[in-house]
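2 protein chains.
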Amino acid sequence: MSIDDLLRYARVNRGRHLDELRQFVAIPSVSAQPDHAGAVKRCATWLAQHLRKIGLTNARVVATRGHPIVYASLRGAGARPCVLIYGHYDVQPAEPLANWQSPPFVPTVRGDKLYGRGVSDDKGQLFAFVIAIEAWLRERGRLPVDVVCLFEGEEEIGSPHLLEFVSRSRSDLRSDAAVMADAIMASPARPALVHALRGALYLELTVHGPRLDLHSGLFGGVVLNPLQALCELLASLHDAHGRVAIPGFYDRVRRFTHAERRILLRDAPSDALIAHDAGIARPWGEEGFSLYERIAVRPALTINGVQGGYAGAGSKGVIPASSGAKLSFRLVPDQDPQEVARMLRRHLVERMPHAVHGTLRTISAARPAQMDPRHPVLQAASDACRLAFGVRPALLRGGGTIPALHCFQTVLGLQTALLGFAPTDAGMHAPDETLHLPTYDKAVAATIGFFDAYARQSCQERKQIA
Amino acid sequence: MSIDDLLRYARVNRGRHLDELRQFVAIPSVSAQPDHAGAVKRCATWLAQHLRKIGLTNARVVATRGHPIVYASLRGAGARPCVLIYGHYDVQPAEPLANWQSPPFVPTVRGDKLYGRGVSDDKGQLFAFVIAIEAWLRERGRLPVDVVCLFEGEEEIGSPHLLEFVSRSRSDLRSDAAVMADAIMASPARPALVHALRGALYLELTVHGPRLDLHSGLFGGVVLNPLQALCELLASLHDAHGRVAIPGFYDRVRRFTHAERRILLRDAPSDALIAHDAGIARPWGEEGFSLYERIAVRPALTINGVQGGYAGAGSKGVIPASSGAKLSFRLVPDQDPQEVARMLRRHLVERMPHAVHGTLRTISAARPAQMDPRHPVLQAASDACRLAFGVRPALLRGGGTIPALHCFQTVLGLQTALLGFAPTDAGMHAPDETLHLPTYDKAVAATIGFFDAYARQSCQERKQIA
């Protein structure tokens, strides 16, 4: 059966949908920053209200011990396959604000792009599913499969309360598979279907020195500057070859066979493309691996932030009383975040100078995740992309981390199709984040087609089993 | 001749003087921060107005290419000795603001202390001279010596425009010696007379990486993080023994003979006192030197600030596009700031990884300074302290840097008596900066006595020469 009527509906209502997305993006739902908690809540309320408006009448905001979750479901009477649609309505901090051409929460169209924090990650990609559901319900009065929506407000801070919610909501969430769009494309014309993700371990290291900030003229030379100690500790985490220098760190990293590497690299972006997307002239990292492999199947450690001493204009002769760093590991099979945290602690304790003391705090942790590319939900996602983009999506392993994916796998036993509709230059997590509108039209078409494709793939699977 | 009448005048007017000092401190004259430029100007205007009020009728605000200078003079008809009084009305940034018990620019008395940014460094110490001049003019109608006042608004940023002003104002500034109070005491009951200061070289190092901030999941492992490169560069600046690891850095550092070290250490504070003042359990630094020597005659390198990546609450998975550090050297005879800057640049260039690039900028530079303790102005300062505090001031070398001192020596040929009236726990450059009021009363008495003492010392010197 053709879905042309649905695609036409999306085209005709394109302007209104863009306005709605702009309303959604305008709410500064920065989950990491406590002073934005009200906006996060407002954003959840807006989203639930919108879902009710398009026909998901039971949509509601569910409180957690952190930011709320937006939940909705639409189940038919018969025994149809059910897909859990996941997305996150929270966004990354917009800092540094000075680097935005238009304010991050005043979504602005320039050329064929919409600019604003979260336009791609993940409000835009999430909203493609919302538009698809609306199209089905308005044009056909029903969806071809049952759906459950779970839209989270804490993805960008590591989903600290998702596991608890999913565990206690097993019956509301019961489904056959999950789908989400929260990744980048393989190239400007080719979406990605991500079947594996790295895990993450995010930590905060603080080094404490003198009781108070000191004058560096009066005390420079007799006090171990905590900022100096911190830099020395951070510098000890990598060796001269770009490898993580923490003893034991690579012990559990899975080695791929030659044959496995060939499969792995089939759809992989080239070194040149990755370097171009990163905006770097000279790549860096572990020798003996392509850039794609370094992102996909090799772990990494990033110092995400350092804060200490005086950072304002001009100069200040200060020895800060303390200083801190945020750092994160990206982990691959079969690394364990808890074990890596223990290795890091041991490494730091051994190197901590006596004249200062340090504290290490884990902010979030998620294991690596892996899906089966032959699962109906991944097949359906692939079919839908082919229909909308005219090309099979690249089957990739992703370098990022989506704790939800692992949580759905372990708690609900679900495989997830993770789609990437954001162009590689969308600036997710950076200033001037963009949504490329012509690509977005295709993403909306793909999500519309996905429900149909999943109904067919599920049906085929049942026939095969029978 | 007794100065009891003058001391009584100070006692009687103590409350009003404290109110005036609070007005002075309440103006947030933070020279380092461009958004405070208006306040710096307001502060200069207030000070010039106050000087006119107490009788320095020619007091005026002199524009420079940076923050203004307040100038005043009072010269008698005859050939009297003239002393140049220097101080600075600008203050250090007040950050981190959260660590203040009362707001930094709402000067507040608690117990026997006045709290506020600049109460000691240097508004309080500067104002002691202003009170002394007022006492002489009101009680006696004249000062016993000629005076020139030069109160600067850029000391805390390295006095970038002082040299230019002094060079073009030689005739207005002609004097026989200079005096300033901008140092800490040797112990709670004993002021300091500082006869040498370390030089300073303040620089800013920036490391640039990818064109934009990147998502550390999507690119972690293939991009050299500029923040990591920065930490590694900063870590390379010290060796494991706390010495500066830049080749050639110690080549020009003067070696003191055993006899010189004995003299040096005569009035020196103990290791225990310095560690106590610093608020540290374990001292640090170059082996083979007392803590006092490490501050007084050994150079030091301090990382004053690092800024890069995300420093807000929670987490952000970012690889910053660039990151920067502020660092400063304290230099001793016979080191040359320009030469040290060249050595640092060479060291960094050799270690800069190819995948990033760095920029190094000198913010300010000042040579080390050295005075003759037998000069009349230092003798007069010593006499005045003995009178007011009942004890000879400790003759010390200071670890800080006051570019004015070097400038007066090289351009005007003047020796400077640098007095320290701020208790060691005054928190100069730190939150909760204090002025200990009972000590301040003695500092005011010492400045009143100084003019008299300098008149006598100069007279003796002339007799000796004659």
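Chains A and B, in that order, are what the protein sequence lines are. Quick note, my numbering runs 483 ahead of the 1-based positions in the first sequence. Quick note, my numbering runs 483 ahead of the 1-based positions in the second sequence. The beta carbon of each residue, even a glycine, is placed where N, CA and C say it ideally should be. Here the structure is a predicted model, which means the values were calculated and not measured.
Practice prompt. At 7 Å on the CB atoms, spell out the chain A contacts of Met835 of chain B, in chain order.
Written response: Mapped onto the second sequence, residue 835 of chain B falls at position 352. Below the 7 Å Cβ cutoff, chain A contributes no neighbours of Met835 of chain B, its closest Cβ being approximately 12 Å away.
Discussion item. Between B:Ala615, B:Ala675 and B:Leu530, which has its C-alpha nearest Phe904 of chain B's C-alpha?
Written reply: For this step, residue 904 of chain B is matched to residue 421 along the second sequence. Of B:Ala615, B:Ala675 and B:Leu530, the residue nearest in Cα terms is B:Ala675.
Worksheet item: Roughly how many angstroms lie between the CA atoms of Leu717 of chain A and Gly797 of chain B, to the nearest whole one?
Response: As a position in the first sequence, residue 717 of chain A is number 234, starting the count at 1. As a position in the second sequence, residue 797 of chain B is number 314, starting the count at 1. Spanning the two alpha carbons is a distance of roughly 19 Å.
Worksheet entry | Per-residue contacts from Ser847 of chain A into chain B (C-beta, under 7 Å) | Position 364 of the first sequence, counted from the start, is the residue given in the question as residue 847 of chain A. Using a Cβ-Cβ cut-off of 7 Å, Ser847 of chain A is close to Ser798 of chain B, given in chain order.
Worksheet item: Quick one: what's got a C-beta closer than 6 Å to Ala838 of chain A's C-beta in the same chain, skipping five residues either side?
Response: By one-based count along the first sequence, residue 838 of chain A stands at place 355. Leu707, listed in sequence order.
Item to complete: Output the boundary residues of the alpha helix (DSSP H) element that contains Arg593 of chain A.
Response: What you label residue 593 of chain A is simply residue 110 of the first sequence in a count that begins at 1. First-last for Arg593 of chain A: Thr591 to Arg593, but that is the beta strand (DSSP E), not the alpha helix (DSSP H).
Practice prompt. List the residues of chain B that Asp696 of chain A touches, going by C-beta distances under 9 Å, in chain order.
Written response: Walking along the first sequence from the start, residue 696 of chain A turns up at place 213. Per Cβ cutoff of 9 Å: Pro579, Asn582, Gly910, His912, Ala913 and Pro914.
Worksheet entry | Neighbourhood of Ala936 of chain A by C-beta distance below 7 Å, restricted to the same chain and skipping five residues each side | Numbered from 1 along the first sequence, position 453 holds the residue referred to as residue 936 of chain A. The beta carbon of Ala936 of chain A is closer than 7 Å to those of Ala863, Asp866 and Ala867 in its chain, skipping five residues each way along the sequence.
Practice prompt. Counting only the same chain and skipping the five closest in sequence on each side, list residues whose C-beta sits under 6 Å from that of Met835 of chain B.
Written response: Here residue 835 of chain B corresponds to residue number 352 of the second sequence, with the count starting at 1. The residues are Gly841.
Worksheet item: Using a Cβ-Cβ distance under 8 Å, would Phe702 of chain A count as near chain B?
Response: Locating residue 702 of chain A in the first sequence gives position 219, counting from the first residue. A Cβ of chain B is located within less than 8 Å of the beta carbon of Phe702 of chain A.
Worksheet entry | Cβ-based burial, Lys946 of chain B [other Cβ within 10 Å; buried from 16] | Working through the second sequence from its first residue, we reach residue 946 of chain B at position 463. Counting Cβ neighbours within 10 Å, Lys946 of chain B comes out exposed, since fewer than 16 surround it.
Discussion item. Between the alpha carbons of Gly747 of chain A and Pro671 of chain A, how many angstroms are there, rounded?
Written reply: The residue you call residue 747 of chain A lines up with position 264 of the first sequence. The residue you call residue 671 of chain A lines up with position 188 of the first sequence. A quick correction: the sequence has Leu, not Gly, at residue 747 of chain A. Approximately 20 Å between the Cα atoms of the pair.
Fill in: Chain-ordered chain A contacts of Ile802 of chain B [CB-CB under 8 Å]
Numbered from 1 along the second sequence, position 319 holds the residue referred to as residue 802 of chain B. Chain-order list of chain A residues neighbouring Ile802 of chain B: Thr785 and Asn787, by C-beta distance under 8 Å.
Practice prompt. Using three-state DSSP, classify Arg869 of chain B as helix, strand or coil.
Written response: Within the second sequence, numbered from 1, the residue matching residue 869 of chain B stands at position 386. Arg869 of chain B falls in the helix class under three-state DSSP.
Worksheet item: Buried or exposed: where does Arg880 of chain B fall if 16 or more other Cβ atoms within 10 Å of its Cβ makes it buried?
Response: Here residue 880 of chain B refers to the residue found at position 397 when the second sequence is read from its first residue. Buried, by the Cβ-count rule.
Item to complete: Just mark Ser585 of chain B as buried or exposed, buried being the case when its beta carbon has 16 or more other beta carbons within 10 Å.
Response: What you label residue 585 of chain B is simply residue 102 of the second sequence in a count that begins at 1. Exposed, since its Cβ has fewer than 16 Cβ neighbours within 10 Å.
Worksheet item: Contact check, Leu713 of chain B vs Gly795 of chain B under 8 Å by CB: the rounded distance?
Response: Here residue 713 of chain B refers to the residue found at position 230 of the second sequence. Here residue 795 of chain B refers to the residue found at position 312 of the second sequence. Not a contact, Cβ separation roughly 19 Å.
Discussion item. Out of A:Pro752, A:Cys942, A:Lys536 and A:Ala493, which one is the CA nearest neighbour of Glu622 of chain A?
Written reply: Against the first sequence, residue 622 of chain A aligns to sequence position 139. Restricting attention to A:Pro752, A:Cys942, A:Lys536 and A:Ala493, the CA atom closest to the CA of Glu622 of chain A is found in A:Ala493.
Discussion item. Counting only beta-carbon separations shorter than 8 Å, does Trp619 of chain B have a partner in chain A?
Written reply: Position 136 of the second sequence, counting from 1, holds the residue named residue 619 of chain B. Chain A, which has no Cβ nearer than 8 Å to the Cβ of Trp619 of chain B, makes this no.
Fill in: 3 or more residues per run - each beta strand (DSSP E) lying fully within the stretch 617-675 of chain A
Along the length of the stretch 617-675 of chain A, whole beta strand (DSSP E) runs at least 3 residues long occupy 629-635 and 660-667, reported in chain order.
Worksheet item: What residue does the alpha helix (DSSP H) around Ala909 of chain B start on, and which one ends it?
Response: Taking the second sequence and counting its residues from 1, the one referred to as residue 909 of chain B is at position 426. From DSSP, Ala909 of chain B is part of no alpha helix (DSSP H); its letter is neither H nor E.
Worksheet item: With DSSP run on the structure shown, which of helix, strand or coil describes Gly991 of chain B?
Response: Outside the shown range of chain B (484 to 949) lies residue 991 of chain B, about which nothing can therefore be said.
Worksheet item: By how many angstroms is the C-alpha of Gly800 of chain B removed from the C-alpha of Pro576 of chain A?
Response: On the first sequence, residue 576 of chain A is found 93 positions in, with the first residue counted as 1. On the second sequence, residue 800 of chain B is found 317 positions in, with the first residue counted as 1. Taking C-alpha positions only, Pro576 of chain A is separated from Gly800 of chain B by approximately 10 Å.
Discussion item. Looking only at its chain, what residues have a beta carbon closer than 8 Å to the beta carbon of Leu656 of chain B, apart from the 5 residues adjacent to it on each side?
Written reply: For this step, residue 656 of chain B is matched to residue 173 along the second sequence. Scanning its chain for C-beta atoms nearer than 8 Å, with the 5 sequence neighbours on each side dropped, one finds around Leu656 of chain B the residues Leu567, Val631, Leu633, Val649 and Leu895, in chain order.
Discussion item. Once DSSP output is grouped into helix, strand and coil, what is the label at Ser719 of chain A?
Written reply: Taking the first residue of the first sequence as position 1, residue 719 of chain A is located at position 236. The answer is coil: DSSP assigns Ser719 of chain A none of H, G, I, E or B.
Worksheet item: Under three-state DSSP, which class holds Gly791 of chain A?
Response: Within the first sequence, residue 791 of chain A is the residue found at index 308, counting from 1. Gly791 of chain A falls in the strand class under three-state DSSP.
Worksheet item: Between Thr950 of chain B and chain A, is there a C-beta pair that is closer than 8 Å?
Response: Residue 950 of chain B falls outside the range modelled here, since chain B spans only 484 to 949, and no answer is possible.
Worksheet item: What does a CB cutoff of less than 6 Å around His858 of chain B pick up in its chain, not counting 5 residues either side in sequence?
Response: Translated into positions along the second sequence, residue 858 of chain B becomes position 375. Correct list, in chain order: Gln898.
Worksheet item: Going along chain D, which residues have a C-beta under 9 Å from Ala742 of chain B?
Response: Of the protein chains in the structure, A and B, none is chain D.
Worksheet entry | the stretch 689-706 of chain B / the stretch 883-892 of chain B touching (three or more Cβ pairs under 8 Å) | In short, these stretches do not touch, since the Cβ pair count stays below three.
Practice prompt. Give the single residue among A:Leu684, A:Phe612 and A:Ala779 whose Cα lies nearest to the Cα of Ser753 of chain A.
Written response: For the purposes of this step, residue 753 of chain A is taken as residue 270 along the first sequence, with counting starting at 1. Distances from the CA of Ser753 of chain A to each of A:Leu684, A:Phe612 and A:Ala779 were compared; the closest alpha carbon is that of A:Ala779.
Worksheet item: Does the pairing of the stretch 906-913 of chain A with the stretch 770-788 of chain A give three or more beta-carbon distances under 8 Å?
Response: With a cut-off of 8 Å, the stretch 770-788 of chain A and the stretch 906-913 of chain A do not count as touching, because too few Cβ pairs lie within range.
Discussion item. So, for Thr884 of chain B: in the same chain, excluding its five sequence neighbours on each side, which residues have a beta-carbon less than 7 Å away from its beta-carbon?
Written reply: In the second sequence, counting from the first residue as 1, residue 884 of chain B sits at position 401. Taken in chain order, the residues that qualify are Leu680, Arg681, Gly682, Ala683, Arg813 and Ala849.
Worksheet item: What does Gln790 of chain B reach in chain A if we use C-beta pairs closer than 8 Å?
Response: The sequence position of residue 790 of chain B within the second sequence is 307, counting from 1. Residues of chain A passing the Cβ test: Val789, Gln790 and Ala794.
Fill in: Proximity of Leu810 of chain B and Leu686 of chain B at Cβ, strictly below 8 Å
Numbered from 1 along the second sequence, position 327 holds the residue referred to as residue 810 of chain B. Numbered from 1 along the second sequence, position 203 holds the residue referred to as residue 686 of chain B. At a Cβ-Cβ threshold of 8 Å, Leu810 of chain B and Leu686 of chain B count as neighbours.
Worksheet item: How should Val874 of chain A be labelled, buried or exposed, when 16 other C-beta atoms within 10 angstroms of its C-beta is the threshold for buried?
Response: Walking along the first sequence from the start, residue 874 of chain A turns up at place 391. That one is exposed.
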